[in-house]
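Residues in the sequence shown are numbered consecutively from 1, following full-length UniProt numbering. Here is the structure we will look at.
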Amino acid sequence: IKKWIEHQNQFPLFSSKDWSQLQQLELILSKFEEFTQLVSRRQSQISLAIPIYYELHDTLEDAASAQTAAVSVGMKKYKKYYELMDSQDAYYIALILDPRFEHCCCKYSAKDYLDSQGDLTRAIPVEVLARFASHKNGSVYQAT
């Protein structure tokens, strides 16, 4: 959007509602760009997948309340890929084993997980989701 604006000599007459929708769209797209850049690095890590998906979910949910068609389509695609990730325990295990997330998202440490007698594989995703939901200040994927 910014590049298009830079090359325009005249701006169309947008209403304040149009500008508001464009700002919302920029916020959503910038979040996707930020995470795309993050996972495109050479040392991308599987443990970042869950925090990224949770933060994208929050961004899309906030925008979906405005009932824009583009957000609805984006949310549908997001849910498809989230369900694929959510069904794989490897993502949750990687998150638990990553010491950067030990204090912010899960009450189970790697040691607790490995020493456990019971099956934590389904309890962990529920716990992680609850912790991320209560951990809204700042980006969740940054090291603690």
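Ideal Cβ positions, reconstructed from N, Cα and C, are used throughout, including at glycine. As the structure is a computational prediction, the values presented were derived from the model and not from experiment.
Euclidean distance between Cα positions of residue i and residue j
i     : j     : result
Ile96 : Ser47 : 8 Å
Ser44 : Leu38 : 7 Å
Thr59 : Ile52 : 11 Å
His57 : His7  : 33 Å
Ser30 : Glu61 : 15 Å
Lys3  : Arg41 : 24 Å
Asp18 : Phe35 : 26 Å
Ser87 : Ala94 : 14 Å
Asp98 : Phe32 : 23 Å
Asp89 : Gln21 : 37 Å
Gln10 : Met85 : 45 Å
Ser72 : Tyr82 : 15 Å
For residue i, three-class secondary structure by DSSP
i      : result
Ser15  : coil
His7   : coil
Arg42  : coil
Ala143 : Residue placement at Ala143 is poorly supported in this model, since its pLDDT is 44, which falls under 50; the coordinates still yield a value, given next. Three-state result, Ala143: coil.
Gln117 : No answer about Gln117 holds up, because its pLDDT of 46 lies below 50 and its placement is not dependable.
Cβ-Cβ distance between residue i and residue j below 8 Å
i     : j     : result
Tyr91 : Ala49 : yes
Limits of the unbroken alpha helix (DSSP H) element including residue i
i     : result
Asp89 : Asp89 to Leu97
Ile52 : Ala49 to Ala64
Does the pairing of the region 76–83 with the region 10–28 give three or more beta-carbon distances under 8 Å? no
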